[in-house]
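Residue numbers (our numbering), protein chains in the order written: chain A, 156 to 474; chain B, 156 to 474.
Cβ atoms here follow ideal geometry from the backbone N, Cα and C, with glycine treated the same way.
Given the structure is predicted, the values throughout are model-derived calculations rather than measurements.
Dropping the structure here:
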């Protein structure tokens, strides 16, 4: 019998959100707890109380196909969270989290990283519905990616494929949080945009509307608001960031020749300010046979729901 | 009933080689014709005479599972050769070559580009046997690639995925034959190595053993021979080339996290001179979670047979 529900859980650096999702992609019940905890066991116990409450509320576990979890450094093959620097109970540890949640709920659990979950979400409920080949790029505090080939997520031989935020785009470039230099993430994450803003303002952008902000904490929303008022520095920040993204995308296209690249998260909300330079560089740097073929799309899932929907979509794939 | 044979055809810029291959990967009959011809139809007619002769010789077409073809700009989805610049009858044209050969032989035909065929060859008969995730890199006149994910070749949405020779590794770098600048191929193909040799000799390598060669036509074999005699410029040419390859591989690994990268062709025959710098840069530039995990392997298929074996392997996949 086809089960009517799945549970989606998204473990973020601060909050964990979860929800019961039906086959049409509606979140019919939802909840939230803090991600921080002294141990993985205590965290799992607290989470499971909430999950079991929701499960009972909608009719019990027989109504569920399973539970999907999106987590930083989540490994699909092992169901583990491996050394996630922003999760206190998973830092420097390998936590068998899928098994722990399965034991506590009696349901099968699939787990992957958050960007892969987002890709499955787009494929199941979003703009990538029906696509067999696309790349999801999440532009947030970090830059993540989920790569879909022949209708399947690419996990690689070890479960960690798709770290496109850590492709090196400028040799000996900006220091990245990963310890290396010049990663895409160092330019196109939230902090990357703030660093570009700082550089351009210091280079002589004192007339910019952005000069009044704390220069180390300018957000892409601030930059967007300034751009909307015609601020040239703000527009240039998006141009520079967009060109770096577009050049990287031209190389990504040579790899898997995707039907689309789907953008999600902070920076993608800058609309034309970011999309136009991205498209410009994609066109300029793509190999002839690929030019103009790969669509650049924005996720249309509501941001508040996307993480839970993405994680939940993984649970439909449990056989 | 399982058919005992397949036919493999490799269409190169100058010669077309073909052979009857058995299930153990033995080439039991082989032949060769020139690739040049006035029209695709004439070429196909000439080739088909040879193919049908071999087919009859080993017992007729009922003994064949099919024919596999590796061709420049070969498109797996459509069975076409699309605008192949080095094949006179396929330049600026889309040739439905799989259908033409199928009509002339009465056998099912699968066609893909030469690097993809090489990857399938390695997976079927070579060092990648049993691997579900690896990347094949062919280092010849050009630089080609075949990417295997979850045990399947990556063709992308249009059949042209896997053009890793045309990933841009140096912005505004060397002019590439594709019309753009800074492609991997411009540094690591046969001509790329010759250009690096020229640069290093002109920069003051007059004492190099390579200085006596026609500076525009130094081959990786010449460089290898000089390196074997302790020539520092020759060793530096491989170092520079290897470092560029290794840096590119570190980015490739972030994409599909392959179990191995398999090298084939001219440059790969330089052994330790090229492998050591490649490995060095792969290690240096790989993201922490990937470090030391992806093997760097050399193809062990005999070069004279590899193209035919690779193309033939494609024909075992015909259902």
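Among the options, which one has its Cα closest to the Cα of residue i?
i	options	result
residue 233/B	282/B, 269/B, 313/B	313/B
residue 299/B	222/B, 420/B, 254/B	420/B
residue 427/A	278/A, 373/A, 380/A	380/A
residue 183/A	471/A, 463/A, 473/A, 469/A	463/A
residue 244/A	438/A, 190/A, 408/A	190/A
residue 241/B	167/B, 365/B, 281/B, 398/B	167/B
residue 391/B	194/B, 411/B, 353/B, 409/B	353/B
residue 319/B	407/A, 200/A, 398/A	407/A
residue 199/B	434/B, 216/B, 254/B	254/B
For residue i, count neighbouring Cβ atoms within 10 angstroms of its own Cβ and tell me buried if that reaches 16, exposed if not.
i	result
residue 457/A	exposed
residue 414/B	buried
residue 350/B	buried
residue 534/A	Not covered by the structure: residue 534/A. The range shown for chain A is 156 to 474.
residue 197/B	exposed
residue 249/B	exposed
residue 322/A	buried
residue 230/B	buried
residue 260/B	buried
residue 228/A	buried
residue 480/B	Residue 480/B cannot be examined here, being either before or after the span of chain B that is shown, 156 to 474.
residue 165/B	buried
residue 288/B	buried
residue 405/A	buried
residue 172/B	buried
residue 277/B	buried
residue 301/B	buried
residue 385/A	exposed
residue 214/B	exposed
residue 281/B	buried
residue 376/B	exposed
residue 212/B	exposed
residue 394/A	buried
residue 272/B	buried
residue 447/B	exposed
residue 330/A	exposed
Straight-line CA distance for residue i to residue j?
i	j	result
residue 465/B	residue 460/A	47 Å
residue 204/A	residue 174/A	13 Å
residue 251/A	residue 237/A	9 Å
residue 265/A	residue 224/A	6 Å
residue 445/B	residue 315/A	8 Å
residue 339/B	residue 263/A	45 Å
residue 328/A	residue 347/A	12 Å
residue 355/A	residue 342/A	13 Å
residue 439/B	residue 423/B	20 Å
residue 417/A	residue 274/A	9 Å
residue 332/B	residue 441/A	14 Å
residue 402/B	residue 186/B	40 Å
residue 389/B	residue 169/B	29 Å
residue 359/A	residue 383/A	20 Å
residue 451/A	residue 362/A	33 Å
residue 256/B	residue 158/B	19 Å
residue 181/B	residue 220/B	15 Å
residue 246/B	residue 192/B	12 Å
residue 195/B	residue 226/A	54 Å
residue 437/A	residue 397/B	28 Å
residue 326/A	residue 399/B	11 Å
residue 434/B	residue 367/B	31 Å
residue 297/A	residue 344/A	5 Å
residue 283/A	residue 258/B	38 Å
residue 209/B	residue 188/B	13 Å
residue 467/A	residue 177/A	9 Å
Whole-angstrom Cβ separation of residue i and residue j, contact assumed at under 8 Å?
i	j	result
residue 324/B	residue 337/B	6 Å
residue 270/B	residue 317/B	7 Å
residue 162/B	residue 206/B	6 Å
residue 311/B	residue 411/A	5 Å
residue 304/B	residue 373/A	The pair is not a contact, with the Cβ atoms about 39 Å apart (cut-off 8 Å).
residue 267/A	residue 469/A	6 Å
- Taking any Cβ of chain A, which residues in the stretch 387 to 409 of chain B have a Cβ under 9 Å from it, in chain order? 402, 405, 406, 407, 408, 409
- Query: According to a CB-to-CB cut-off of less than 7 Å, which residues of the stretch 358 to 385 of chain B neighbour chain A?
  - Reply: none
- Chain-ordered residues of the stretch 275 to 298 of chain A with a beta carbon less than 9 Å from chain B: 286, 287, 288, 289
- Item | chain B contacts from the stretch 189 to 202 of chain A (Cβ-Cβ distance under 8 Å) | none
- Query: Between the stretch 442 to 457 of chain A and chain B, which residues of the former have a C-beta closer than 9 Å to a C-beta of the latter?
  - Reply: 442, 443, 444, 445, 448, 449
- Query: Listed from N- to C-terminal order along the chain, which residues in the stretch 222 to 251 of chain B have their beta-carbon within a distance smaller than 9 Å of any beta-carbon of chain E?
  - Reply: Any reference to chain E falls outside this structure, whose protein chains are A and B.
- Check distances from the C-beta atoms of the stretch 334 to 347 of chain A to those of chain B and list, in chain order, the residues that come in under 9 Å. 334, 335, 338
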